[in-house]
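Our numbering numbers the first residue of the sequence shown as 45 and each following residue consecutively. Positions of the beta carbon are idealized from the N, C-alpha and C atoms, including for glycine. Here the structure is laid out as structure tokens; the discussion comes afterwards.
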Amino acid sequence: MSKQTHAFQAEVKQILHLVTHSLYSNKEIFLRELVSNASDACDKLRYEALDHPELYEDAPNLEVRVFFDAEAKTLTIRDNGIGMSAEEAAAHLGTIAKSGTRDFMAKLSGDQKKDANLIGQFGVGFYSGFIVADRITVESRRAGLPADQAVRWSSEGTGEYELETIARAERGTDVILHLRDEEAEFLSTWRLKAIISKYSDHISLPILMKKETWDAEAAKQVVTDEWETVNKAAALWARSKSEVTDAEYQDFYKQISYDSEPPLAYTHNRVEGRSEYTQLLYIPKKAPMDLWNRDKRGGVKLYVKRVFIMDDAEALMPAYLRFVKGVIDSADLPLNVSRELLQESRDVKAIREGSTKRVLGMLESLADSDSAEDKAKYADFWKEFGAVLKEGVGEDFANRERLSKLLRFASTHADEGVSLADYVARMKEGQEAIYVITADSLAAAKNSPQLEIFRKKGIEVLLLTDRVDEWLLSHLHEFEGHMLQSVAKGAVDLGKLQDEEEKKKAEEVAEAFKPVLERLKEALKGRAKDVRVTTRLVDSPACVVVDEGDMSAHLARLLKQAGQAAPDAQPILEVNPEHALVKRLADDPRFDDLAQILFDQALLAEGGQLDDPAGYVQRVTRLLAPAA
């Protein structure tokens, strides 16, 4: 192929502009990204060579070399990994196939440190080279292709790039940066070594640079032709814990997670027994932006005998721990293991169970600690990941009890951080159930009329406002022998918390109010399943509830919002005979209008929507209008 000129994809132009103009104050990250890409290319070759060992050709030792030419002002990152064909060069360097490109651009915040980590997260790290270079040349030959089918890609990072076929004896890729005049600092062995040590020390491949020696005659350091390894070139997780510093653990986390913050907690263990594996697992401080993206694969990196197999090995970690980052290196799995085989493997099941227990153990140590710092860490974790952890109660029966102790809620006694154990410890004498209410927001839950009798008696109620809470309640029925009971379902039975005099009075009021109840039932036929005297209201005239076995109105709304079918179960209207509005019902000539308004207001207070808002407005208008 003779030299051809192609236009960049529109998204690439935007990425190039943003990268070169937004990240100029954190220039050194370009080397981190390019060395990381070179390492990935070697990992890909190692993986493909499991089935096709001939791809190694005559160079089985994989490595990355970094060298510069001070006179030509070029810096080269060379790897002998998988390489690229001409088609792959055009596809990988001229277009961005990721749908997340727009998200990447939207997430750029102007915070240099955070934005620099987004580059790797969205797979556009190659373009960071243009932060320091006014031209980049890439020369590459894919492993297995003949020498005369190599490719040269070149661009000044504006609107176009050039492609041509060249001859190249070695497989792999050279990324040649033609540095701008003002970027001479990167033509220094000392500077490059410092950057590699800072960002790429954990990479298990050797990163080689030419040695420098002191030239007494010239009175300066000169570069020799001898190569030396400038990183530790040993997988961090394979080293003994006593050899790894906290700073190294944190740096490694930042590399694999593209996070600018250190992790909240981590655990590093070698597991022996039926399955032999090493785990290095991290809990992040902040939730990633794609935590709720159903198309995004979750999971940790999988290695087998230190050979990289895949990112996001979902089978090694349950879905409700998808925020966990890290590495698992198995000694038992086959090197050619696939995602499909992972789902069926016994060894994988053992790794998954062991890793789950380790992560839950980390969380328990924070949650149960006497240290105020650890408790604050757990509170921060819960704000970021609590809604995800709740999924585990329904998905992981084996760990349901451990998970239930890690749950935290708001309540009528506290706005956050209430555990089920806290609640049980504060229960009133004679109280048997754990009372809960679900709502769309904390304000809606706090102001629900269904809480009035509980507030009057000082009984704590847990306020559940996450969308996942209805799912949680369908699987978590009791805690330490106490049933979880929704205050919006069925009749309120406070048992020993209600004295005999209260019960007797309630029965007398209900009996006296029977004629009005019958008229209300008739007026609300087709809308209310039943109308009855309340035992839960103190200040409000009415509220709606559902039968014990029916789906809650909150869950029905969530299903409809998600486009799913939900049963149209009619609610029960409970009225408060002691309220002034209810007392005037019997003698008011506008009984039917008042009955409908009472029902509609109860629906609105519960967070529901009216089937006929215009009809409601007309009735209220008639009531407010002066008599003719």
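Alpha-carbon spacing of residue i relative to residue j, whole angstroms
{"i": "Gly659", "j": "Leu629", "result": "20 Å"}
{"i": "Leu252", "j": "Arg109", "result": "5 Å"}
{"i": "Arg452", "j": "Glu305", "result": "24 Å"}
{"i": "Val626", "j": "Lys569", "result": "18 Å"}
{"i": "Leu241", "j": "Tyr293", "result": "A quick correction: the sequence has Ser, not Leu, at residue 241. Going from the Cα of Ser241 to the Cα of Tyr293 covers about 14 Å."}
{"i": "Lys142", "j": "Ala135", "result": "Because Lys142 carries a pLDDT of 44, less than 50, the predicted location of this residue cannot be relied on, and no value is offered for it."}
{"i": "Ile300", "j": "Thr289", "result": "17 Å"}
{"i": "Ala194", "j": "Phe296", "result": "34 Å"}
{"i": "Arg673", "j": "Thr118", "result": "The structure shown has nothing for residue 673, since the chain only spans 45 to 672."}
{"i": "Asp681", "j": "Glu270", "result": "What the structure shows of the chain is the stretch from 45 to 672, and residue 681 is not part of that stretch, so it cannot be assessed."}
{"i": "Ile121", "j": "Met128", "result": "15 Å"}
{"i": "Glu522", "j": "Lys565", "result": "35 Å"}
{"i": "Phe166", "j": "Tyr302", "result": "Below a pLDDT of 50, predicted positions are generally treated as unreliable, and Phe166, at 47, falls in that range; the measurement from the model is reported next regardless. Cα to Cα, Phe166 sits roughly 9 Å from Tyr302."}
{"i": "Ser319", "j": "Arg444", "result": "24 Å"}
{"i": "Lys88", "j": "Pro250", "result": "16 Å"}
{"i": "Gln48", "j": "Val182", "result": "15 Å"}
{"i": "Asp123", "j": "Ser198", "result": "18 Å"}
{"i": "Ala416", "j": "Ala423", "result": "10 Å"}
{"i": "Glu77", "j": "Ala282", "result": "23 Å"}
{"i": "Phe441", "j": "Ser455", "result": "26 Å"}
{"i": "Val661", "j": "Ala567", "result": "18 Å"}
Cβ-Cβ distance between residue i and residue j below 8 Å
{"i": "Ala532", "j": "Gln494", "result": "yes"}
{"i": "His50", "j": "Tyr243", "result": "no"}
{"i": "Leu464", "j": "Leu447", "result": "no"}
{"i": "Leu346", "j": "Ala363", "result": "no"}
{"i": "Phe74", "j": "Val176", "result": "yes"}
{"i": "Gly370", "j": "Leu325", "result": "yes"}
{"i": "His246", "j": "Asp178", "result": "no"}
{"i": "Glu504", "j": "Val582", "result": "no"}
{"i": "Leu480", "j": "Ser399", "result": "Here residue 480 is Val; the residue named in the question, Leu, does not match the sequence. No, Cβ-Cβ distance for Val480 and Ser399 is not below 8 Å."}
{"i": "Leu507", "j": "Ala483", "result": "yes"}
{"i": "Val41", "j": "Lys254", "result": "Residue 41 lies beyond the stretch modelled for the chain, which goes from 45 to 672, so this question has no answer here."}
{"i": "Ala649", "j": "Glu618", "result": "no"}
{"i": "Val348", "j": "Val368", "result": "no"}
{"i": "Val392", "j": "His519", "result": "no"}
{"i": "Leu231", "j": "Phe352", "result": "no"}
{"i": "Ile616", "j": "Ala572", "result": "yes"}
{"i": "Ala646", "j": "Val588", "result": "yes"}
{"i": "Glu514", "j": "Leu599", "result": "yes"}
Burial state of residue i (16 or more Cβ within 10 Å)
{"i": "Asn275", "result": "buried"}
{"i": "Val527", "result": "First, the amino acid is wrong: residue 527 is Met here, not Val. So Met527 counts as exposed."}
{"i": "Pro633", "result": "exposed"}
{"i": "Gly169", "result": "buried"}
{"i": "Ala279", "result": "buried"}
{"i": "Gly173", "result": "buried"}
{"i": "Asn620", "result": "buried"}
{"i": "Asn105", "result": "exposed"}
{"i": "Glu107", "result": "buried"}
{"i": "Ser286", "result": "exposed"}
Closest by C-alpha distance to residue i, when choosing among the options
{"i": "Ile180", "options": "Leu189, Pro190, Thr202, Gly188", "result": "Thr202"}
{"i": "Glu132", "options": "Leu581, Glu107, Gly173, Ala85", "result": "Ala85"}
{"i": "Thr311", "options": "Phe523, Ile175, Asp113, Arg402", "result": "Arg402"}
{"i": "Ala535", "options": "Ala550, His526, Glu545", "result": "Ala550"}
{"i": "Gly125", "options": "Leu75, Lys47, Tyr467, Gly216", "result": "Gly216"}
{"i": "Leu673", "options": "Leu78, Arg185, Leu379", "result": "The structure shown does not extend to residue 673, since the chain is modelled only from 45 to 672, so the question has no answer here."}
{"i": "Arg563", "options": "Asp637, Thr273, Arg212", "result": "Asp637"}
{"i": "Leu377", "options": "Phe367, Arg366, Met361, Ile395", "result": "Ile395"}
{"i": "Asp102", "options": "Ala624, Gly188, Tyr293", "result": "Gly188"}
{"i": "His457", "options": "Trp426, Ala489, Asp123", "result": "Ala489"}
{"i": "Ala359", "options": "Gln387, Asp412, Ile353, Ile372", "result": "Gln387"}
{"i": "Leu385", "options": "Asp412, Met354, Leu410", "result": "Met354"}
{"i": "Leu308", "options": "Ser374, Ser382, Trp426", "result": "Trp426"}
{"i": "Leu137", "options": "Val664, Leu60, Ile210", "result": "Leu60"}
{"i": "Glu524", "options": "Ser80, Val468, Phe498, Pro657", "result": "Val468"}
{"i": "Gly651", "options": "Arg601, Gly607, His623, Arg666", "result": "Arg601"}
{"i": "Ile478", "options": "Val462, Thr322, Ala420, Arg283", "result": "Val462"}
{"i": "Gly28", "options": "Arg511, Thr257, Lys472", "result": "Here the chain has residues from 45 to 672 only, and residue 28 is not among them."}
Neighbour flag for residue i against chain D, beta carbons, 8 Å
{"i": "Glu358", "result": "Going by chain labels, chain D is absent from the structure shown, which holds only one protein chain."}
Practice task
With a floor of 3 residues, list each beta strand (DSSP E) that falls wholly inside the region 566–617, ordered by position along the chain.
Solution key: 574–577, 586–589
Practice task
Let me know the alpha helix (DSSP H) ranges lying completely inside the region 380–464, each 4 residues or longer, listed in chain order.
Solution key: 383–388, 390–411, 416–433, 435–439, 444–450
Problem - Complete runs of the beta strand (DSSP E) confined to the region 207–280 [at least 3 residues] - result: 216–223, 251–259, 264–273
Exercise for the section: Please specify which runs of the beta strand (DSSP E), each continuous and at least 3 residues long, are wholly inside the region 287–351, giving them in chain order. Expected result: 309–315, 321–327, 344–348
Practice task
Taking only runs that begin and end inside the region 489–539, name each unbroken beta strand (DSSP E) of 3 or more residues, in chain order.
Solution key: 506–508, 526–530
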